[in-house]
Amino acid sequence: MASTEAYTIDASTSDIPEIESNAYSLEYRVITTILFVCCMAFLIFANGLVILSYALKKVPRTLSYYYLSMLAGVDMSIGFAMPFNIVSSASVQLSSSTTYCLMETLFTMCAITGSSFTMLSLTIDRYMALSSPLLYVAEMTQRRYIERTLLVWFVPITVFFILPLCWHNELDETPVKTCFTLYILKREYTAYITLPIAFCNVIGVAFTYIPIISIALRQSRSIHASQPERDSEQSRKMRSHVKMVKTTSMVLVPYYAAWIPWCIFASGVVYSQDSYANPGLFFTAAQYATFGVLVNSGINPFVFAARMPVYKAAFKSLLRCKTGIEPATCT
């Protein structure tokens, strides 16, 4: 990686047409505004159902459901951050303001990384439930609420909000002169902190999930083999854990489909001096891959509704849907 001094020299020697070509075009503003509005409505509505289901006690108050509701809360906060992204995309003045760009970027980045760390915590929780079912405690207490919340949010707040708040670029010192995440943040910060943590999170979830799948398959076969014990309390709990694992698997597929492309494209920009000083294909791809990360935050509630009857019933209750032999109808 080039040093900060080398980056500054490259940025200052960029010609004027190149800098202007990276400003927000009218087409980019229209497209991103439409995408942001759609994502905002999608995230707030879908995740709002999950949060209300937990808040109104329509789902069990267990650790797993708390992580799911926390995941929904984080994802919904991303939706509430969208108006700032919309204003930034539509306004030339604000898109060139370092202060506005920094706060907009850090809030969104903190929420997105919080979502990622919640996913990791949920995966570890599933591993603990399956690997040590007799020692696993699902019930929540006030102390456990505080501990789990601090555990999830410590890194997103300290590393992805406070640190870049004190260590960032001025937009007029960057090659693009406009608000983009990869440029408002220090190149060294993105290269040595953001991307490594993102890759470690993705890899950590994968490596944690490999033994989870193995245990779930083994216990699933054990449940089917022991027919006389199918109605026992232990067997019922195990079936519940196995079903939760399958649900988490469906959540992880779009998670990887969204995060891996962004990490690859962002790496193509940050780890290449030429791509960083002269934004091109990787830069454009990284910008639009960000919307995949945002959309992924709204998919989870639909997975819960499809896989978990307790959520399906809670959603129908919140939407005032009536169920019976006939298809569900909403009032």
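Residue numbering for the sequence shown follows this note's numbering, starting at 46 and increasing by one per position.
Every residue, glycine too, gets a C-beta built ideally from N, C-alpha and C.
Reduced DSSP secondary structure (H/G/I, E/B, other) of residue i
i: Thr-107; result: strand
i: Glu-72; result: helix
i: Leu-326; result: helix
i: Leu-116; result: helix
i: Leu-33; result: The chain is shown from 46 up to 376; residue 33 falls before or after that span and cannot be answered.
i: Arg-365; result: coil
i: Leu-353; result: Note on identity: in this sequence residue 353 is Met, with Leu being the wrong assignment. The answer is coil: DSSP assigns Met-353 none of H, G, I, E or B.
i: Ser-320; result: helix
Beta-carbon proximity of residue i to residue j, cut-off 9 Å
i: Trp-304; j: Val-338; result: yes
i: Ser-109; j: Tyr-99; result: no
i: Thr-143; j: Glu-215; result: yes
i: Gly-343; j: Ala-91; result: yes
i: Thr-158; j: Pro-201; result: yes
i: Ser-160; j: Val-119; result: yes
i: Thr-37; j: Val-247; result: No answer is possible for residue 37: it lies beyond the span of the chain, which begins at 46 and ends at 376.
i: Ala-236; j: Tyr-316; result: yes
i: Ser-176; j: Pro-256; result: yes
i: Leu-240; j: Ser-312; result: yes
i: Thr-6; j: Ile-123; result: In the structure as shown, the chain begins at 46 and stops at 376. Residue 6 is therefore absent and cannot be evaluated.
i: Lys-102; j: Ala-358; result: no
Contacts around residue i, its chain only, beta-carbon distance under 7 Å, and the 5 residues preceding and following it disregarded
i: Ala-126; result: Phe-152, Thr-153 and Ala-156
i: Thr-163; result: Tyr-112, Met-115, Leu-116, Val-119 and Val-197
i: Met-295; result: Val-348 and Arg-352
i: Arg-106; result: Met-185
Environment of residue i [buried if 16+ CB atoms lie within 10 Å]
i: Trp-307; result: buried
i: Glu-149; result: buried
i: Ile-54; result: A caution first: Ile-54 carries a pLDDT of 32, below 50, which makes its placement in the model too unreliable to give a value.
i: Phe-199; result: exposed
i: Tyr-388; result: Examination of residue 388 is not possible in this model, given that the chain is present from 46 through 376 alone.
i: Pro-354; result: exposed
i: Leu-230; result: buried
i: Ala-174; result: buried
i: Leu-88; result: buried
i: Lys-217; result: A quick correction: the sequence has Asp, not Lys, at residue 217. It counts as exposed.
i: Ser-48; result: Bear in mind that the predicted position of Ser-48 carries a pLDDT of just 39, short of 50, making it too unreliable to give a figure here.
i: Ser-259; result: exposed
Nonlocal neighbours in the same chain, by C-beta distance under 6 Å from residue i, ignoring five residues either side
i: Cys-224; result: Ser-133, Ser-140 and Cys-146
i: Phe-129; result: Glu-149
i: Glu-50; result: The predicted position of Glu-50 is uncertain, since its pLDDT is 36 and thus under 50; a value taken from the coordinates is nonetheless stated next. Within the same chain, Glu-50 has no close Cβ partners at all.
Residues of its chain near residue i, where Cβ-Cβ distance is below 8 Å and the 5 sequence neighbours each way are ignored
i: Gln-332; result: Phe-225
i: Thr-335; result: Thr-226 and Trp-307
i: Leu-297; result: Met-164, Thr-168, Val-250 and Tyr-254
i: Ala-96; result: Checking the sequence, you will find Ile at residue 96 rather than Ala. Ser-114, Ala-117, Gly-118 and Met-121, listed in sequence order.
Length at least 4, wholly inside the region 130-203: the alpha helix (DSSP H) runs in chain order | You should have 137-140, 143-176 and 187-202.
What runs of the alpha helix (DSSP H), each 4 residues or longer, lie entirely inside the region 193-260?
-> Segments of the alpha helix (DSSP H) lying fully in the region 193-260: 208-211 and 226-229.
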